[in-house]
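Chemist: In our numbering, the protein residues as written are 92 to 256.
Think of the CB as a built atom: it goes at the ideal place given N, C-alpha and C, for glycine as much as any other residue.
The model shown is predicted, which means the values in this text are computed figures rather than measured ones.
Before I ask anything, let me first share the structure, which is written out below as structure tokens.
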């Protein structure tokens, strides 16, 4: 039995959200705070291949941030950071440039962390730089080679295709 497109989109969104949430919660000690390394951010590059994947990732971030020790700040700023990063990522035609978007918008998380932890302008800049470095490592240095390998797989290409055959 084939699913209609809406049912398939809902199922895909739910799976992406669950995977993002699961990775973040299992790795919680490094997923939250002023120095963070969210392994689930590897999933962000999926929005480059197909913007229809963005809502599932954003939902995963929202769910993950509900359990964040940073509370409402993380729910709002963290989710907004991902939403804007993935939206812009979906508009870019070069994968390596798209991979930079979460780092480019890391000032949003830096501002969140500044609101929670303080530290003046130096704190804001330092926390923004820390998040940007983490995003560069995960979304560019790790994700690009991973997706290069995945792209060689016809099954992966079929799944992420904007216009599946």
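1) In or out: residue 149 buried (at least 16 other Cβ within 10 Å) or exposed?
2) Measure the C-alpha to C-alpha separation of residue 182 and residue 193 and round it to an integer number of angstroms.
3) Could you check the C-alpha separation between residue 245 and residue 143 for me, to the nearest Å?
4) Could you name the residues of the same chain whose beta carbon sits closer than 6 Å to that of residue 167, not counting the 5 residues immediately before and after it, in chain order?
5) Quick one: any contact between the stretch 107–120 and the stretch 214–232, if contact means 3 or more CB pairs under 8 Å?
6) Label residue 126 either buried or exposed according to how many other C-beta atoms from any shown protein chain fall within 10 Å of its C-beta, with 16 as the threshold for buried.
7) Might you give, ordered along the chain, the residues of its own chain that have their beta carbon closer than 7 Å to the beta carbon of residue 205, omitting 5 neighbours on each side?
8) Any contact of the stretch 103–113 with the stretch 197–204, i.e. 3+ C-beta pairs under 8 Å?
9) Just list the alpha helix (DSSP H) runs in the stretch 109–165, keeping only unbroken ones of 4 residues or longer that don't cross its boundaries, in chain order.
10) Can you list, in chain order, the residues of its chain whose CB lies under 8 Å from that of residue 139, leaving out five sequence neighbours each side?
11) Here's a check: name, in chain order, each residue in its chain whose Cβ is nearer than 6 Å to the Cβ of residue 155, leaving out the five neighbours to either side.
12) If you run the structure through DSSP and keep just helix, strand and coil, what is residue 232?
Modeler: To lay it out plainly:
1) Answer is buried; the Cβ neighbour count reaches 16.
2) One Cα belongs to residue 182, the other to residue 193, and the distance between them is close to 14 Å.
3) In this model, residue 245 and residue 143 are separated by some 19 Å (Cα to Cα).
4) Nothing listed; no residue qualifies.
5) Here the stretch 107–120 does not lie against the stretch 214–232, with fewer than 3 beta-carbon pairs under 8 Å apart.
6) Its Cβ having fewer than 16 others within 10 Å, residue 126 is exposed.
7) The beta carbon of residue 205 sits closer than 7 Å to the beta carbons of 214, 215 and 218 from its chain, once the five residues preceding and following it are set aside; these are given in chain order.
8) No, they do not touch.
9) Taking only runs of at least 4 residues, the alpha helix (DSSP H) segments lying wholly in the stretch 109–165 are 119–122, 137–140 and 145–157.
10) If the five residues before and after residue 139 are omitted, its C-beta is found closer than 8 Å to the C-beta atoms of 180, 181, 183, 186, 189 and 190, all from its own chain and listed in chain order.
11) Correct list, in chain order: 112 and 115.
12) In the displayed model, residue 232 falls within a helix according to three-state DSSP.
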